[in-house]
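Position 20 of the sequence shown, counted from 1, bears residue number 20 in the numbering used here, the numbering being contiguous throughout.
Idealized CB from N, CA, C, for every residue including glycine.
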Amino acid sequence: MRTARMSSKGQVAIPAALREAIDLRPGSEVSFELAGGAILLRPVPRFKAVTPEEGYGCIPHKGRPVSEAAIRRAARAAAAAKWRRRSERR
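Here's what the structure looks like:
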């Protein structure tokens, strides 16, 4: 258990190991909750989780629509290129 002393302003320093464990950085938002006589501190997610349906259309595309077959071909080509690059390093 780690301990810290509260300042006259009610501030408490969170030990570095704990900040690193939950990826807290300067400017990170945290939420506080009272839980059975203890204070629970949680990081607020940087980005709201969205479903594919909610995210659809948020990235504008200019030009002709791309077919699913073309997307699959491009994905396969990218995967093959990545595989070749990794194989060359060995």
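Can you list, in chain order, the residues of its chain with a C-beta nearer than 7 Å to that of residue i? Leave out the 5 residues immediately preceding and following it.
i	result
leucine 41	Val30, Phe32
Thinking C-beta only, is residue j closer than 7 Å to residue i?
i	j	result
arginine 5	proline 15	no
leucine 18	proline 43	no
Do you know how far the Cα of residue j is from the Cα of residue i?
i	j	result
cysteine 58	proline 52	10 Å
tyrosine 56	glycine 10	44 Å
alanine 77	arginine 90	21 Å
alanine 35	glycine 27	25 Å
Tell me which same chain residues have a C-beta within less than 8 Å of the C-beta of residue i, skipping the five on either side of it?
i	result
alanine 75	none
Under 7 Å, Cβ to Cβ, is there at least one residue of chain B near residue i?
i	result
proline 43	Protein chain content of the structure displayed is limited to a single chain, and chain B is not contained in it.
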